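Below: the structure, in structure tokens.
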Amino acid sequence: MEGLQEKHEDVILTQKLYESLGITSESTDLFVLISSVTSDVAIRFFATDVGRPYVIADEDDFRPEAELNVVHEFVHHLQQLHFETDATLESISKNADQTAAYRALMEGDASLSHLLYMSEYLETEEQAAAQDATGITDVTAFLAAPYVIQQLTLFPYVEGRFFAIELYLRDQDFALIDQAFEYIPRSTEQIIHVDKYDSREEPVEVVLPDIAAKLGEEWMEFDRDTMGELFIRSYFESVIGVETATSTLAAAGWGGDQYALLENEAGQTVFASLIVWDTEQDADEFYRSYQELVELRTGGFWEDFEIFGVESSLALATTSQYAIVTLDGLVTVNVLSHDLDIAATTTEFLISAFSRRMPLAEFGSGVHQVNIDIQPGTYRNSDSSPGCYWARLSGFDGEVGDIIADENTDEITMMTISDSDVGFESKGCGSWTMVDN
304 MEGLQEKHED
314 VILTQKLYES
324 LGITSESTDL
334 FVLISSVTSD
344 VAIRFFATDV
354 GRPYVIADED
364 DFRPEAELNV
374 VHEFVHHLQQ
384 LHFETDATLE
394 SISKNADQTA
404 AYRALMEGDA
414 SLSHLLYMSE
424 YLETEEQAAA
434 QDATGITDVT
444 AFLAAPYVIQ
454 QLTLFPYVEG
464 RFFAIELYLR
474 DQDFALIDQA
484 FEYIPRSTEQ
494 IIHVDKYDSR
504 EEPVEVVLPD
514 IAAKLGEEWM
524 EFDRDTMGEL
534 FIRSYFESVI
544 GVETATSTLA
554 AAGWGGDQYA
564 LLENEAGQTV
574 FASLIVWDTE
584 QDADEFYRSY
594 QELVELRTGG
604 FWEDFEIFGV
614 ESSLALATTS
624 QYAIVTLDGL
634 VTVNVLSHDL
644 DIAATTTEFL
654 ISAFSRRMPL
664 AEFGSGVHQV
674 NIDIQPGTYR
684 NSDSSPGCYW
694 ARLSGFDGEV
704 GDIIADENTD
714 EITMMTISDS
724 DVGFESKGCG
734 SWTMVDN
């Protein structure tokens, strides 16, 4: 609830994301919904701006549960004093997934502390009364909220507690938890799978290119962020089901991601996401699970859809939205748009900009994609005796207009492929080798 009014603009961005993914409808006021949910579950909070904890309780009847709430919030006060948690949250505020992971560390530490306090200082009857009181809070709005919002709200308290307990039990003290405030979790994946935190498995940094510039001046990007394993898992569970293996497999093996939301002057939106997976099997599991998710959510059916240079690509159409999902090695790209051409252009742009294949600096005859199959630069060929033909291309439509420059020659030659070239065609030229950097 802290700072909710100041974060109104962030909530508006989140609402656009949720509407694009079908989590909420256009009629939902997400600001009111989140305010209601947090009001339901918040019985205590720590105001970092004044360094003071607040607990909702009857001052004339200060019960054991209120005492535990004071302990919980006092731990947050200590966290701020020793680890400057406010500054850390500000520094990672552009990454929603890491923010959720850090809040899980904070809440896990505080929850564990009040559990230890309860076992040490409260009588058995008081402990039972405190536990019973936790179920008294009115959670009507929370239970009525979309499943994804429920899971994002509970995550810091539930899985954050498991994370803190795991670290505490290793040495029966808070040393490892304190260390976690120095080397903070980088992702919700590290909270969900503590071994990922132990091994310092860093998320892959994904930085999407400027999609708005590609689509045209009428488009504007208004948000980009990271979903992470928690959000992806919760989204799949909300549609496919909590108990299915599909939901778990869809998010497992997450390596890193970034999404972008764009809007044009007519108010139409594009959602584009690129996810890097740990293994090709993980990528394939997401690819197949995502097909099931969208079919269940929309009632539509997937059809083969050709994206240049990608073996596996499908498109699905509904009355209001087109969906494209592609699989390219360790990378999956999924795009939602009102227009199929825009969805296809965005997909091809992301695949070409973030292929996990290393472009070659030496290659032979054939048609190649620049920045995907081959690197831009200056090249020399090895043999022109059969009659060498080469062409720099701006596209692959087979039209004369696609040719930027070309040459027929019997001599060893040099030519320069520009970074802006789309493709390069070569026949009878032997091998091309880069001669500069």
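In this text, residue positions in the sequence shown follow the working numbering: the first is 304, and each later residue adds one. All residues carry an ideal CB built from backbone N, CA and C; glycine is no exception. Keep in mind the model is a prediction, meaning the values are calculated, not measured.
| Query | Result |
| --- | --- |
| Please report the straight-line C-alpha distance between leucine 316 and leucine 564, rounded to a whole angstrom. | 9 Å |
| Do you know offhand how far glutamate 524's Cα is from glutamate 651's? | 18 Å |
| In terms of residues, what are the limits of the beta strand (DSSP E) holding threonine 572? | 572 to 580 |
| Pick out whichever of Gln561, Phe534, Asp400 has its Cα sitting closest to the Cα of glutamine 453. | Phe534 |
| Taking its Cβ as the centre, do 16 or more other Cβ atoms sit within 10 Å of glycine 612, making it buried, or is it exposed? | buried |
| The beta strand (DSSP E) spanning threonine 712 covers which residue range? | 706 to 712 |
| Roughly how many angstroms separate the alpha carbons of valine 340 and alanine 516, rounded to a whole number? | 38 Å |
| Beta-carbon of tyrosine 405 versus every beta-carbon of chain C: anything under 8 Å? | Among the protein chains of the structure shown there is no chain C, as only one such chain exists. |
| Are the Cβ atoms of alanine 575 and leucine 630 separated by less than 8 Å? | no |
| Sorted by chain position, which residues of the same chain lie with C-beta nearer than 8 Å to valine 597's C-beta, five sequence neighbours on each side aside? | Gly603, Trp605, Leu619, Ala626, Val628 |
| Answer yes or no: do valine 670 and glutamate 728 have a C-beta to C-beta separation smaller than 8 Å? | yes |
| Going by beta carbon distance, what residues of the same chain come within less than 6 Å of aspartate 686, once the five residues before and after it are set aside? | Gly733 |
| How far does the alpha helix (DSSP H) with tyrosine 542 in it extend, from its first residue to its last? | As written in the sequence, residue 542 is valine, which differs from the tyrosine given in the question. Taken as a continuous stretch (DSSP letters only), the alpha helix (DSSP H) holding valine 542 covers 531 to 543. |
| Determine the burial state of arginine 659: buried for a count of at least 16 other Cβ atoms within 10 Å of its Cβ, exposed for fewer. | Confidence in arginine 659 is poor, its pLDDT being 48 and thus under 50, which makes the residue's placement unreliable; the coordinate value appears in the next sentence. So arginine 659 ends up on the exposed side. |
| Hey, quick one: how far does the alpha helix (DSSP H) through aspartate 474 stretch, first residue to last? | 450 to 474 |
| What residue range does the alpha helix (DSSP H) around glutamine 672 cover? | Taken as a continuous stretch (DSSP letters only), glutamine 672 belongs to no alpha helix (DSSP H), being part of the beta strand (DSSP E) at 669 to 672. |
| How about glycine 731 and glycine 690: do their beta carbons lie closer than 8 Å? | yes |
| Using 8 Å as the threshold, is the C-beta distance between phenylalanine 589 and threonine 549 below it? | no |
| Threonine 547 to glutamate 540, Cα distance in whole Å? | 8 Å |
| If you run the structure through DSSP and keep just helix, strand and coil, what is asparagine 398? | coil |
| For glutamine 382, which residues of its own chain have a beta-carbon under 8 Å away from its beta-carbon, when the five flanking residues on both sides are left out? | Thr388, Met409, Asp412, Ala413, Phe484 |
| Locate the beta strand (DSSP E) running through threonine 648, then write down its first and last residues. | No beta strand (DSSP E) holds threonine 648; the alpha helix (DSSP H) holding it covers 643 to 656. |
| Phenylalanine 386 lies in the alpha helix (DSSP H); which residues open and close that run? | 367 to 386 |
| Answer with buried or exposed for asparagine 711, where buried requires no fewer than 16 other C-beta atoms within 10 angstroms of its C-beta. | exposed |
| Could you check whether the region 394 to 409 touches the region 486 to 503, counting it as contact only if at least three pairs of C-beta atoms, one from each stretch, sit closer than 8 Å? | yes |
| If we count the other Cβ atoms within 10 Å of its Cβ and call it buried at 16 or more, is arginine 503 buried or exposed? | exposed |
| What are the residues that DSSP puts in a beta bridge with glutamate 268? | The chain is shown from 304 up to 740; residue 268 falls before or after that span and cannot be answered. |
| Based on Cα-Cα distance, which residue from Thr529, Met717, Arg695 lies nearest to serine 723? | Arg695 |
| Going by DSSP in three states, tyrosine 692 sits in which element: helix, strand or coil? | strand |
| Can you tell me which of the three DSSP states phenylalanine 611 falls into? | coil |
| Note down the Cα distance separating glutamine 482 from phenylalanine 458, rounded to an integer number of angstroms. | 21 Å |
| Less than 8 Å between the beta carbons of threonine 736 and glutamate 665, yes or no? | yes |
| Are there 16 or more other CB atoms within 10 angstroms of the CB of glutamate 312, so buried, or fewer, so exposed? | exposed |
| Does the separation of the CB atoms of leucine 511 and glutamine 561 fall below 8 Å? | yes |
| Check the DSSP bridge columns for valine 634 and list the partner residues they point to. | Val579, Asp631 |
| Three-state secondary structure (DSSP) at aspartate 501? | helix |
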